[in-house]
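S.K.: Numbering (the working numbering), first residue to last: 271 to 770.
Let me give you the structure first, and then I'll get to my questions.
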């Protein structure tokens, strides 16, 4: 079972799951066990062995012997050696980073099955670690489709080539094993076998977001994208008793996850928008998610300010915010940039929800920017010891520790403070050996100077889409908002004022 991207995969207990009680019942349940859980679900331990892949490797002489064959399946491999100087002009700089990153995203594809792989390591510290992660998560597939739309808008790929690339991805999606029309969250890109028992809600949401952008950008293939959107039974993700969405649904043993997505300001909110727009979850669901926990929850990084009942669109819930210096904000769970801003890749929150999500996006970036070199978000550890969850602890309810700076965090912030975000990216590229043939490597330790010389496809996609929106006046966001599913949910997310 792949271990990268635990937050997105929903396999690790990172999101608050306690449903808000209906006022006026006091909401005083705040033990960490109620909120986070802390025990891995039994179904997550159940292995899913890709038998065909293992047989293929055995026929090649074993996993290590098969590595050159895995590499030959990629569309390309990054060149080594010096990188041409980056432009001094900000717009030209953003265009160059986007162009290099897109070239890498095309290279990080399996040439036979047209799916993006998970990652490549150019300088693994441990030779036993495979240099190529030839598996994928459906979020990665969804954001690859969004990236393709952005590349088409920027003229980095011709229309005929874009249609051919999209058709190839759709061909494979249509043949993958699924359950009631829903995709599993991990697949082996070499054998196409599923490697998970989980139908992940948040990953399903990001794949659906990609298909929505596809049908709005490429009408020629809209019917195929729509068929994939409509065939999945999303009703299993919604828990009407809690008014919340499950982390997912397990097929072995069968049943829903024991945990919910209960914190509003998280990357999973894009799934809530989709669920409301599709009619799976009612508008009241949006107001069942937690803005802040009671002050009695002393495991929080700070007690909330102005936490009181408020009513929006007939829904009564608890508001409140945290404070850092002179900045007020509704916290995320870990205080990472992708929790805060990943949804802005497709949803223009500054324009569509300016008094709630948009204002909060600005606040989170403002606090992140207090470090001289900033951008905390889950990424590879620059010391080569695997994957880590990083954040600005004060921005999170529980809060991830500080550590690596990852370029995709700065790229996400381009949607909020473009000048400062591009300046930070330039510092990362010039002060550290953090820029290669396919754009930025995954992470930097600003203290030691260590660099994780790896490309994680999902992080590269976030970087590219953020820059594409910047360069084409929110082209991807506008396509997404134009879809009827999204249009139905927009009045709900626009109604609230976080900081009354």
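No residue lacks a Cβ here, since even glycine has one placed at the ideal position from N, Cα and C.
On a predicted model such as this, the values are computed, not experimentally measured, just so you know.
(1) What do you reckon, are the CB atoms on residue 505 and residue 516 nearer than 8 Å?
(2) If I'm right that residue 249 touches residue 340 with Cβ under 8 Å, what's the distance once you round it to whole angstroms?
(3) Count the other C-beta atoms from every protein chain shown that fall within 10 angstroms of the C-beta of residue 298, then say buried if there are 16 or more, exposed otherwise.
(4) Let's test the definition: count the other Cβ atoms within 10 Å of the Cβ of residue 578 and tell me whether it reaches 16, buried, or not, exposed.
(5) Express the C-alpha separation of residue 530 and residue 647 in angstroms, rounding to a whole number.
(6) Tell me whether the beta-carbon of residue 500 lies closer than 8 Å to the beta-carbon of residue 433.
(7) Taking only the alpha-carbon atoms, compute the straight-line gap between residue 766 and residue 602 and give it to the nearest angstrom.
(8) Using a Cβ-Cβ cutoff of less than 8 Å, which residues in the same chain neighbour residue 303 once the five nearest sequence positions on both sides are dropped?
(9) Mind listing, in chain order, the continuous alpha helix (DSSP H) runs of no fewer than 4 residues lying wholly within the stretch 310-344?
(10) When you compare only the Cα positions, how much space is there between residue 573 and residue 563?
(11) So what's residue 297 in DSSP terms, helix, strand or just coil?
(12) With DSSP collapsed to three states, give me the class of residue 585.
(13) Looking only at its chain, what residues have a beta carbon closer than 8 Å to the beta carbon of residue 294, apart from the 5 residues adjacent to it on each side?
(14) Could you name the residues of the same chain whose beta carbon sits closer than 7 Å to that of residue 692, not counting the 5 residues immediately before and after it, in chain order?
(15) If you draw a straight line from the alpha carbon of residue 370 to that of residue 709, how long is it in whole angstroms?
(16) Taking the alpha carbon of residue 497 as the reference point, which residue from 509, 484 and 508 has its own alpha carbon closest?
(17) Among 547, 546 and 557, which has the Cα closest to the Cα of residue 532?
(18) Would you mind working out which of 638, 540 and 738 sits nearest residue 477, comparing C-alpha positions?
(19) Using DSSP with H/G/I as helix, E/B as strand and the rest coil, what is residue 302?
(20) Are at least three pairs of beta-carbons, each pair with one atom in the stretch 629-649 and one in the stretch 605-617, less than 8 Å apart?
(21) Could you pull the DSSP bridge partners for residue 509 from this structure?
(22) Between the Cα of residue 644 and the Cα atoms of 380, 621, 707 and 714, which residue gives the shortest distance?
(23) When you compare only the Cα positions, how much space is there between residue 657 and residue 440?
(24) Leaving out five residues before and five after residue 292 in sequence, what residues of the same chain have Cβ atoms less than 6 Å from its Cβ?
(25) Buried or exposed: residue 773, going by 16 or more other Cβ atoms within 10 Å of its Cβ?
(26) Between the C-alpha atoms of residue 763 and residue 583, what's the straight-line distance to the nearest angstrom?
(27) On the DSSP letters alone, give me the boundaries of the beta strand (DSSP E) that residue 468 sits inside.
(28) Which runs of the alpha helix (DSSP H) spanning at least 4 residues fall entirely within the stretch 344-426, listed in chain order?
(29) The beta strand (DSSP E) that contains residue 538, what's its start and end?
(30) Could you round the C-beta distance between residue 412 and residue 349 to whole angstroms and report it? I think they count as a contact, below 8 Å.
(31) With DSSP as the reference, please indicate the residues paired to residue 458 in a beta bridge.
(32) If you draw a straight line from the C-alpha of residue 451 to the C-alpha of residue 495, how long is it?
(33) So which of 457, 717 and 394 has the shortest CA-CA distance to residue 380?
(34) On the DSSP letters alone, give me the boundaries of the alpha helix (DSSP H) that residue 716 sits inside.
(35) If I'm right that residue 726 touches residue 389 with Cβ under 8 Å, what's the distance once you round it to whole angstroms?
(36) Tell me residue 597's beta-bridge partners as DSSP assigns them.
M.R.: With the structure as the only source:
(1) Walking along the chain shown from the start, residue 505 turns up at place 235. Walking along the chain shown from the start, residue 516 turns up at place 246. No. Outside cutoff.
(2) A query on residue 249 cannot be resolved here, the shown segment of the chain reaching from 271 to 770 and no further.
(3) Indexing the chain shown from 1 puts residue 298 at position 28. A caution first: residue 298 carries a pLDDT of 42, below 50, which makes its placement in the model unreliable, though a value can still be read off. Residue 298 should be labelled exposed.
(4) Taking the first residue of the chain shown as 1, we reach residue 578 at position 308. With fewer than 16 other Cβ atoms from the protein chains shown falling within 10 Å of its own Cβ, residue 578 counts as exposed.
(5) Counting from one through the chain shown, the residue named residue 647 turns up at place 377. Counting from one through the chain shown, the residue named residue 530 turns up at place 260. Roughly 22 Å between the two C-alpha positions.
(6) Indexing the chain shown from 1 puts residue 500 at position 230. Indexing the chain shown from 1 puts residue 433 at position 163. No, they are not a contact pair.
(7) On the chain shown, position 496 is the one that residue 766 refers to. On the chain shown, position 332 is the one that residue 602 refers to. C-alpha separation (whole angstroms): 17 Å.
(8) One-based indexing of the chain shown puts residue 303 at position 33. Confidence at residue 303 is low in this model, with a pLDDT of 42, below 50, so the placement of that residue is unreliable and no value is reported for it.
(9) The stretch 310-344 is shown to contain whole alpha helix (DSSP H) runs of 4 or more residues at 312-315, 321-329 and 333-342, in chain order.
(10) Here residue 573 refers to the residue found at position 303 when the chain shown is read from its first residue. Here residue 563 refers to the residue found at position 293 when the chain shown is read from its first residue. Residue 573 and residue 563: Cα-Cα distance of roughly 8 Å.
(11) By 1-based counting over the chain shown, the position of residue 297 is 27. Low per-residue confidence applies at residue 297: pLDDT is 47, beneath 50, and the placement is therefore not dependable, though the value from the model is reported in the following sentence. Three-state result, residue 297: coil.
(12) Against the chain shown, residue 585 aligns to sequence position 315. Residue 585 falls in the strand class under three-state DSSP.
(13) Looking up residue 294 in the chain shown gives position 24. In this prediction, residue 294 has a pLDDT of 31, which is less than 50 and means its spatial position is unreliable; what the coordinates show is noted afterwards. Excluding positions up to five away in sequence, the list reads 579.
(14) On the chain shown, residue 692 is found 422 positions in, with the first residue counted as 1. Taken in chain order, the residues that qualify are 360, 363, 364 and 684.
(15) In the chain shown, residue 370 corresponds to position 100, counting from 1. In the chain shown, residue 709 corresponds to position 439, counting from 1. Their backbone Cα atoms lie some 5 Å apart in a straight line.
(16) The count along the chain shown starts at 1 and reaches residue 497 at position 227. When the alpha-carbon of residue 497 is set against those of 509, 484 and 508, the nearest one is in 484.
(17) Position 262 of the chain shown, counting from 1, holds the residue named residue 532. Selected option, being the one with the closest Cα: 557.
(18) On the chain shown, residue 477 is found 207 positions in, with the first residue counted as 1. When each option's Cα is compared against that of residue 477, the closest is 540.
(19) As a first step, residue 302 must be located in the chain shown, where it is residue number 32. Residue placement at residue 302 is poorly supported in this model, since its pLDDT is 42, which falls under 50; the coordinates are not used for a value here.
(20) The stretch 629-649, when compared against the stretch 605-617, does touch it at the 8 Å Cβ threshold.
(21) Looking up residue 509 in the chain shown gives position 239. Looking at the DSSP assignment, residue 509 forms a beta bridge with 514.
(22) Locating residue 644 in the chain shown gives position 374, where the first residue counts as 1. Of the candidates 380, 621, 707 and 714, 714 places its Cα closest to the Cα of residue 644.
(23) The count along the chain shown starts at 1 and reaches residue 657 at position 387. The count along the chain shown starts at 1 and reaches residue 440 at position 170. Cα-Cα distance, rounded: 30 Å.
(24) Residue mapping note: residue 292 aligns to position 22 of the chain shown, counting from 1. Here the model assigns residue 292 a pLDDT of 30, short of 50, so the residue's position is not dependable and the matter cannot be decided.
(25) A query on residue 773 cannot be resolved here, the shown segment of the chain reaching from 271 to 770 and no further.
(26) Position 493 of the chain shown, counted from the first residue, corresponds to residue 763. Position 313 of the chain shown, counted from the first residue, corresponds to residue 583. In a straight line, the C-alpha of residue 763 is about 10 Å away from that of residue 583.
(27) Locating residue 468 in the chain shown gives position 198, where the first residue counts as 1. First-last of the beta strand (DSSP E) with residue 468: 468-470.
(28) 360-377 and 408-424
(29) The count along the chain shown starts at 1 and reaches residue 538 at position 268. Per DSSP, residue 538 belongs to no beta strand (DSSP E) and is neither H nor E.
(30) Counted from its first residue, the chain shown places residue 412 at position 142. Counted from its first residue, the chain shown places residue 349 at position 79. No, residue 412 and residue 349 are not in contact; Cβ-Cβ is about 28 Å, not under 8 Å.
(31) For the purposes of this step, residue 458 is identified with residue 188 of the chain shown, where counting begins at 1. Per DSSP, 405.
(32) Here residue 451 corresponds to residue number 181 of the chain shown, with the count starting at 1. Here residue 495 corresponds to residue number 225 of the chain shown, with the count starting at 1. Cα to Cα, residue 451 sits roughly 13 Å from residue 495.
(33) Counted from its first residue, the chain shown places residue 380 at position 110. It is 457 whose Cα lies nearest to the Cα of residue 380.
(34) Translated into the one-based positions of the chain shown, residue 716 becomes position 446. Element bounds for residue 716: n/a, residue is neither H nor E.
(35) Reading the chain shown from its first residue, position 456 is the one you call residue 726. Reading the chain shown from its first residue, position 119 is the one you call residue 389. The pair is a contact, with the Cβ atoms about 5 Å apart (cut-off 8 Å).
(36) Taking the chain shown and counting its residues from 1, one reaches residue 597 at position 327. 594, per the DSSP bridge assignment.
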